[in-house]
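Q: In the numbering used here, each number is its position in the sequence shown, counted from 1, plus 126.
Quick reminder that beta carbons are idealized off the backbone N, C-alpha and C, glycines included.
All of these numbers come straight from a predicted model, not from anything done at the bench.
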Amino acid sequence: MKVELAASAGFCVGVQRAIDMALEHAGKNEELFMLGDIVHNDSVVELFKKKGVKKIKKLGRGAGRNLLIRAHGAPLSVYAAARKAGYKIIDATCPMVKEIHEAARADEKKGRIVVLIGDEKHEEVLGIKGSLSKPPILIDPSKPLPVRKLKQLKKVSIIVQSTQNSEKVSAIVSKISAIVPDVAFHDTICVPTKNRQKEAKVLPLRNDAMVVVGSGSSANTKRLYEISANLNKRTYIINSTRDIDPGIFRGVRKVGVLAGASTPDSIIKQVVSFLRSIDP
Ligand code: SF4
Numbered sequence: 127m128k129v130e131l132a133a134s135a136g137f138c139v140g141v142q143r144a145i146d147m148a149l150e151h152a153g154k155n156e157e158l159f160m161l162g163d164i165v166h167n168d169s170v171v172e173l174f175k176k177k178g179v180k181k182i183k184k185l186g187r188g189a190g191r192n193l194l195i196r197a198h199g200a201p202l203s204v205y206a207a208a209r210k211a212g213y214k215i216i217d218a219t220c221p222m223v224k225e226i227h228e229a230a231r232a233d234e235k236k237g238r239i240v241v242l243i244g245d246e247k248h249e250e251v252l253g254i255k256g257s258l259s260k261p262p263i264l265i266d267p268s269k270p271l272p273v274r275k276l277k278q279l280k281k282v283s284i285i286v287q288s289t290q291n292s293e294k295v296s297a298i299v300s301k302i303s304a305i306v307p308d309v310a311f312h313d314t315i316c317v318p319t320k321n322r323q324k325e326a327k328v329l330p331l332r333n334d335a336m337v338v339v340g341s342g343s344s345a346n347t348k349r350l351y352e353i354s355a356n357l358n359k360r361t362y363i364i365n366s367t368r369d370i371d372p373g374i375f376r377g378v379r380k381v382g383v384l385a386g387a388s389t390p391d392s393i394i395k396q397v398v399s400f401l402r403s404i405d406p
């Protein structure tokens, strides 16, 4: 098959930076801890395990230990608890996520109610919520709009999780603007996400089938899959070549490849050469 690989495929700057910071510290034989996986990708998680980076569910004794805050960021309470427990913090929060925290805090200080559009349980969303003094109104795009709650508000600031679907967000912002009299909108979907989503709207139209490489638990990978599947029914999400059944590509001459922000180049390369080897 002919393969068209999206120019945006591979780690985003924020994920690359967090991985580099973690490997730099792991390489110094320092004890490095993390509250959860560095990224939603099995092969990266495996590499980190081999390097001795420890994943923890709760903060324990921190003296002499490093705690890496992942690219998604964390609530202020995590920083405070980590310092209290004695950890040295290595903050790998993506600068673009930091900007979201700052925008939300600045508008909260101005007396605006913060409305956050994001996936309810995603770590980045929990981090944004936890960087504010009052809990924001959370709007999860997969759930109905809380119209009754919004009708009670006069002045809101809308902030968005960095990896949300631009089109869905625009539709939600229009609906909120029709309900609340004073709306300030911060389009905080990051540039790397926007670039990926742009390609996810083009490649499915000029290829017979699409492959999205990444984990189903990765927010931005799921979004790419949704956009692509909407335009091309023959869209498949895979973790690695192990998930590819060549039989599904019957009659496919051209296949497009998209990849999430947490998918390593090595996996993308393997997938591309495997797809090229398939004779439909
Ligand atoms: S998806 Fe965007 S905000 Fe999130 S880590 Fe990557 S560059 Fe940063």
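Taking residue 370 as the reference, which of 386, 390, 354, 399 has the closest Cα?
A: If we check each option's Cα against that of residue 370, 399 comes out closest.
Q: Is the distance from the Cβ of residue 200 to the Cβ of residue 252 below 9 Å?
A: Yes, the pair counts as a contact, with Cβ atoms nearer than the cut-off.
Q: Can you tell which of 363, 403, 269 has the C-alpha that lies nearest to the C-alpha of residue 372?
A: Comparing Cα positions, the closest option is 403.
Q: What are the residues that DSSP puts in a beta bridge with residue 239?
A: Paired residues: 282.
Q: Compare the C-alpha of residue 186 against each of 204, 198, 211, 280 and name the closest.
A: For the residues 204, 198, 211, 280, the minimum Cα distance to residue 186 belongs to 211.
Q: Given this structure, state the Cα-to-Cα distance separating residue 392 from residue 169, to the nearest angstrom.
A: In a straight line, the C-alpha of residue 392 is about 10 Å away from that of residue 169.
Q: What residues does the ligand SF4 have around it, judged by CB closer than 6 Å to any heavy atom, in chain order?
A: Output, sorted by chain position: 138, 139, 140, 141, 197, 220, 222, 223, 288, 289, 316, 318, 319, 346, 387.
Q: In angstroms with no decimal places, state the Cα-to-Cα distance between residue 364 and residue 280.
A: Each residue's alpha carbon lies about 45 Å from the other.
Q: Among the candidates 198, 355, 288, whose CA atom is the shortest distance from the CA of residue 333?
A: The candidate whose alpha carbon is nearest that of residue 333 is 355.
Q: I'd like the span of the alpha helix (DSSP H) that includes residue 357, first residue to last.
A: Where residue 357 is concerned, the enclosing alpha helix (DSSP H) stretches over 345-357.
Q: Specify the secondary structure class of residue 133 as computed by DSSP and reduced to three states.
A: In this structure, residue 133 counts as coil in the three-state DSSP scheme.
Q: Buried or exposed for residue 259, please, with buried defined as at least 16 other CB atoms from any protein chain shown within 10 angstroms of its CB.
A: That one is exposed.
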